[in-house]
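Under our numbering, the residue at position 79 of the first sequence is numbered 1305, and the numbers go up by one with no gaps.
Note that beta-carbon positions come from the ideal geometry of N, C-alpha and C, so glycine has one too.
Inspection log for the structure reproduced underneath, given as structure tokens.
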Amino acid sequence: MYALIDGNNFYVACERAFRPSLKGRPVIVLSNNDGCAISRSNEAKALGVAMGAPWHLVRQKLPDAGIVALSANFTLYGDMSSRLMSIAAGMGPEQEIYSIDECFIGLAGVRGDLVDRAQRLRERILQWIGIPCGIGLGATKTLAKLANHIAKSADRKPGSYPPELARVCNLAALTPADLDAVLSATDVGAVWGVGPRNAEKLRALGVATVADLVRMDPVVARMRFSVMLERTVRELQGMACIPFEDAPASKKEIACTRSFGRAVTELAPLVEAVSEFAMRAAEKLRRQNSVAAQVLTFVHTSPHKTGPQYSRAVTMPLRRPTADSAQLVNAAIRGLRAIYRPGYKMAKAGVMLLDLQPENVGQAELELGEDEPDRGNLMTTIDRLNQRYGKGTLVLASAGMAGDKRVWSMRQELRTPQYTTCWEDVPLALA
DNA sequence: TCTGGGGTCCTAGGACCC
DNA sequence: TCTGGGGTCCTAGGACCC
């Protein structure tokens, strides 16, 4: 048995935990650049604000709805996430942290009434950190995900499911008849692993609900779709096919990409931006003790604008894999110079580190001289100083020194304080 | 003025090898 | 008249996830 625990409307919930006046109001959290909605309160969903809806269109369409929009505060969400995960770990012996706001719990050996246990855990999370959660229980990860979906829907849309399934739902505890009723009332697109494309294709084949998908022959699923869908069907039928990952696997590629606050045409600010992205990516790379053998750099104009479009990417191989910021930044800038064309209004750029390998499994080679010096200690020291004294304490000068005044910086006009990670922002309790 | 960022896996086709 | 079999690696594109 597995549980899936996840925070409802997580980013909005984090904001509400520190600003209770936001409760009951339509609230949305915006993507970088205050671009589109990436988290919506139930009230905002009820107003019809879609996931990913551009904020400027929402504002234009619903000027009087009283929507509160906030810039994303990922520092806050990351910290709230680790608090959520430590409490959620109490549900069972194994935990797989699946995303910033959800984790699977392996329940092998847990005795007693699982629904009761889940309800008490949910109450604890709500009381300790103020985040409302939904908890789904099922025999496989896909079934636990589905149960979680039902728990949240029953909570948000009364009448969609029997009320006793709201907030905590254990699919394994239903009678076959009740289970069939619930699965027949659930759209096939709600299943984990069935995206919009495959949902459409399935409906065309007469597979419209989860109940239909459960009855599908896995062999047919494989032939007409892929092994992915076959696995999903088998999981729905109760056969565990998706391994439980209790230790996070190291990344196979690491990216840092950003849309700019305003279009950038000149080379110089692009060099700054790409330097910074490569530095950030290099930090993440060192955090997982890996080295990269290739660096990909890309720039492109905005596909939403008229005018000449340009989009190119280039991969630069490194002579030997490295985690040294200076070498990675160098490669990224060489890539940028190779693909840069003057005259285009670039909207976005990014750097990806590819072909990652563990730092201690290097390929031995002849020393040919003229090597870049090994600066592992320097990098470790820079990372420690930045961790201790804050991001940006030590940077490579090619990333520019003007801080937020850089022309390419993203817009974040509606950001809330870093309540839990910055001394100046810690809320005061007045006696 | 204005549309995010960061990942994973699968598949098909081409190049290449013996 | 007639032209094999078996395999790997790489890349691009698609689909999915949050």
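Measuring alpha carbon to alpha carbon, tell me which residue in the options is nearest residue i.
i, options, result
"L1369", "D1550, I1355, G1332", "G1332"
"E1456", "Q1520, E1471, L1439", "L1439"
"V1621", "V1633, W1634, S1635, M1605", "M1605"
"C1329", "S1257, F1236, A1489, L1248", "F1236"
"A1380", "T1412, S1267, A1399, N1556", "T1412"
"Y1228", "V1394, Y1387, T1491, L1256", "V1394"
"T1619", "M1505, G1233, Q1345", "M1505"
"G1316", "F1300, N1299, V1336", "V1336"
"L1405", "G1487, C1482, T1435", "T1435"
"N1586", "G1616, Q1514, F1524, M1636", "Q1514"
"P1474", "A1276, I1323, I1264", "I1323"
"A1575", "G1602, K1617, S1635", "S1635"
Using DSSP with H/G/I as helix, E/B as strand and the rest coil, what is residue i?
i, result
"G1602", "helix"
"A1655", "coil"
"A1508", "helix"
"L1611", "helix"
"K1574", "strand"
"T1532", "coil"
"S1516", "strand"
"V1294", "strand"
"N1268", "helix"
"N1258", "helix"
"L1579", "strand"
"G1304", "helix"
"L1288", "coil"
"I1559", "helix"
"C1395", "strand"
"S1325", "strand"
"E1320", "strand"
"R1346", "helix"
Would residue i and residue j be called neighbours here (beta carbons separated by less than 8 Å)?
i, j, result
"S1501", "S1624", "yes"
"S1410", "A1437", "yes"
"A1549", "V1577", "no"
"V1414", "V1433", "yes"
"L1573", "T1532", "The sequence given here has Ala at residue 1573, not Leu. Going by C-beta atoms, A1573 is not nearer than 8 Å to T1532."
"L1579", "E1479", "yes"
"R1512", "D1581", "no"
"I1361", "R1348", "yes"
"V1540", "A1557", "no"
"A1239", "I1326", "no"
"Q1644", "L1302", "yes"
Can you find the residues in the same chain that come closer than 7 Å, C-beta to C-beta, to residue i, ignoring five residues on each side of it along the sequence?
i, result
"A1398", "M1227, L1363, G1364, A1365"
"A1295", "I1254, L1256, W1281, L1640"
"S1297", "L1256, D1260, Q1638, E1639, L1640, R1641"
"K1378", "N1234, G1360"
"M1442", "V1433, V1459"
Can you find the residues in the same chain that come closer than 8 Å, C-beta to C-beta, to residue i, ignoring five residues on each side of it along the sequence?
i, result
"K1355", "Going by the sequence as given, residue 1355 is Ile instead of Lys. A1243, M1306, R1309, L1310, I1313, listed in sequence order."
"C1262", "L1256, G1278, A1279, P1280, W1281"
"K1367", "Y1228, L1230, F1330, W1418, E1461, A1466, I1468, F1470"
Given this structure, state the Cα-to-Cα distance separating residue i from residue j, to the nearest angstrom.
i, j, result
"A1519", "M1542", "9 Å"
"V1633", "T1491", "11 Å"
"A1494", "N1258", "23 Å"
"W1418", "A1425", "11 Å"
"G1338", "C1359", "21 Å"
"V1420", "F1451", "11 Å"
"R1546", "L1496", "26 Å"
"F1503", "L1288", "36 Å"
"T1483", "I1559", "14 Å"
"V1525", "Y1566", "8 Å"
Grab me the residues of residue i's own chain with a C-beta within less than 6 Å of its C-beta, minus the 5 sequence neighbours each way, in chain order.
i, result
"G1460", "Looking at the sequence shown, residue 1460 is not Gly but Arg. Counting only Cβ-Cβ distances below 6 Å, and skipping sequence neighbours, we find P1444, C1467."
"A1508", "S1551, L1554"
"I1376", "Y1387, L1391, C1395"
"L1428", "V1414"
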